[in-house]
Amino acid sequence: MKGDTDRELVVFTEALKVPIPERAGYLELVCAGDENLRHKVEALLKAHDRLGRFLEEPPPGTSME
Amino acid sequence: MKRIEQPYHAAAAHGGLCLADHENISGAGQVDELCSASLQASTMSDATVMLAAIGAGDSKAAEQLLVLVYDELRRLAASKLSREAPGQTLQPTALVHEAWLRLVGDKTPAFNDREHIFRASAEAMRRILIDRARRKHTQRHGGEYHRVDFEGFDLAAPAADDQLLAVNEALDKFAIEHPIQAELVKLRYFAGLTNEEVSQVLGISVSTAKNYWTFARAWLLNEIQSQ
Numbered sequence: 001m002k003g004d005t006d007r008e009l010v011v012f013t014e015a016l017k018v019p020i021p022e023r024a025g026y027l028e029l030v031c032a033g034d035e036n037l038r039h040k041v042e043a044l045l046k047a048h049d050r051l052g053r054f055l056e057e058p059p060p061g062t063s064m065e
Numbered sequence: 066m067k068r069i070e071q072p073y074h075a076a077a078a079h080g081g082l083c084l085a086d087h088e089n090i091s092g093a094g095q096v097d098e099l100c101s102a103s104l105q106a107s108t109m110s111d112a113t114v115m116l117a118a119i120g121a122g123d124s125k126a127a128e129q130l131l132v133l134v135y136d137e138l139r140r141l142a143a144s145k146l147s148r149e150a151p152g153q154t155l156q157p158t159a160l161v162h163e164a165w166l167r168l169v170g171d172k173t174p175a176f177n178d179r180e181h182i183f184r185a186s187a188e189a190m191r192r193i194l195i196d197r198a199r200r201k202h203t204q205r206h207g208g209e210y211h212r213v214d215f216e217g218f219d220l221a222a223p224a225a226d227d228q229l230l231a232v233n234e235a236l237d238k239f240a241i242e243h244p245i246q247a248e249l250v251k252l253r254y255f256a257g258l259t260n261e262e263v264s265q266v267l268g269i270s271v272s273t274a275k276n277y278w279t280f281a282r283a284w285l286l287n288e289i290q291s292q
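Chains as they are written, first to last, in the working numbering: chain A, 1 to 65; chain B, 66 to 292.
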């Protein structure tokens with residue numbers, strides 16, 4: 001299980017460095033038939049596109065100095 | 066050592082959040098005013114004892130340290146909010162550093178002690194902020210008013226509180242699969258540490274810390290939005 005979850009992190013991080021048009025091919029290659037992993041990473045990449053300032057502002061009721 | 070045996074915190078002992086609407090944060094500040102000096106002396110030695118125990122592999126000591134840090138941060142937060150103008154916001158980084166000074170003094174701490182204190186502080190800050198967001202949520206939805214909160218949190222939009230609760234819930238799930246990355250979220254988001262500070266506490270490079278942070282944000286957003 002630990003290995004799986006680490007792969008999610010590693011593949012996601014590496015995929016971000018790959019130019020967008022080549023990402024699908026990259027995932028195909030690196031996930032090598034592991035559909036579960038590919039779907040997880042695809043969902044994360046989509047979420048990454050919509051991140052905006054998510055979690056970059058301090059929690060409500062708090063501020064930075 | 067007696068203070069840490071207070072019953073808070075059956076919830077804390079299980080690593081969960083404190084759900085009980087126990088004493089108000091602003092009430093705790095007055096106690097602080099009265100006996101700050103003697104408390105400081107005893108908490109400082111308590112913290113030192115616990116840090117030594119953690120170093121020696123005592124697994125309960127980390128939880129005891131957390132309770133101590135939680136109490137200290139809550140007291141600091143309460144006295145800040147009661148002393149200053151309404152609408153005042155908390156500054157987690159400043160609070161954490163102040164708690165640190167009060168618990169350990171100003172001697173340069175050993176690396177491991179620093180790590181333990183910051184981890185405990187981040188978890189404690191999380192509990193404080195989540196407790197308040199929960200209380201406000203309950204009050205908005207017709208829950209009982211135990212007393213009127215005298216605090217600076219009321220300016221925060223309800224939507225922001227609800228998002229905080231959603232983030233927190235997603236973070237619990239995230240921690241099961243990715244404990245180190247979840248720790249990083251607590252340090253950065255709840256305790257307000259920078260990437261550089263976080264990397265020191267977790268013993269990772271700054272670029273790894275940045276990668277973890279990006280991964281964590283994407284994971285949490287995906288989790289929240291797929292609910």
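Cβ atoms here follow ideal geometry from the backbone N, Cα and C, with glycine treated the same way.
Only a predicted model underlies this, so the values are computations on that prediction, with no experimental measurement involved.
- The Cβ atoms of residue 45 (chain A) and residue 23 (chain A) lie closer than 8 Å to each other.
- Contact residues of the region 27-50 of chain A toward chain B are 43, 44, 45, 46, 47, 48, 50 (C-beta to C-beta distance below 8 Å).
- For residue 19 (chain A), there are no CB contacts under 7 Å within the same chain when 5 residues up- and downstream are skipped.
- Residue burial is scored here from C-beta neighbours: residue 246 (chain B) has at least 16 other C-beta atoms within 10 angstroms and is therefore classed as buried.
- Looking at the DSSP output, residue 62 (chain A) bridges to B:155.
- In the three-state reduction of the DSSP assignment, residue 292 (chain B) falls in the coil class, being assigned neither a helical nor a strand state.
- Following the DSSP letters along the chain, one finds residue 46 (chain A) inside the alpha helix (DSSP H) bounded by residues 35-49.
- In this structure the region 264-275 of chain B touches the region 234-253 of chain B; the number of beta carbon pairs closer than 8 Å is three or more.
- Judged by DSSP in its simplified three-state form, residue 19 (chain A) adopts coil rather than helix or strand.
- In the three-state scheme derived from DSSP, where H, G and I count as helix and E and B as strand, residue 113 (chain B) is classed as helix.
- Linking residue 193 (chain B) to residue 32 (chain A) through their CA atoms gives a straight-line distance of about 44 Å.
- Ranked by Cα distance from residue 281 (chain B), the options A:61, A:41, A:25, A:28 are led by A:41.
- At least one beta carbon of chain A lies nearer than 8 Å to the beta carbon of residue 257 (chain B).
- Apart from sequence neighbours up to five positions away, the residues of its chain that approach residue 37 (chain A) with a beta-carbon distance below 8 Å are 4, 7, 8, 11, 31, ordered along the chain.
- The three-state secondary structure of residue 251 (chain B), taken from DSSP, is helix.
- Residue environment: residue 201 (chain B) is assigned as buried (16 or more neighbouring CB atoms within 10 Å of its CB, all protein chains considered).
- Only residues of its own chain outside the window of five on either side were considered, and among them 15, 18 have a CB closer than 7 Å to the CB of residue 26 (chain A), listed in chain order.
- For residue 243 (chain B), the neighbours in chain A by C-beta distance under 9 Å run, in chain order, 5, 6, 8, 9.
- Remark: three or more beta-carbon pairs, one from each stretch, lie closer than 8 Å, so the region 160-167 of chain B and the region 180-189 of chain B are flagged as touching.
- Residue 28 (chain A) sits in a helix when the DSSP states are folded into three classes.
- In the DSSP annotation of this structure, the continuous segment of the alpha helix (DSSP H) that includes residue 136 (chain B) starts and ends at 124-148.
- A residue is called buried once 16 or more other Cβ atoms fall within 10 Å of its Cβ, and residue 181 (chain B) is buried on that count.
- Close CB contacts of residue 155 (chain B) within its chain, under the 6 Å cut and outside five residues either way in sequence, are with 142 (chain order).
- Comparing C-alpha distances from residue 237 (chain B) to each of B:128, B:126, B:195, B:133 shows the shortest one belongs to B:195.
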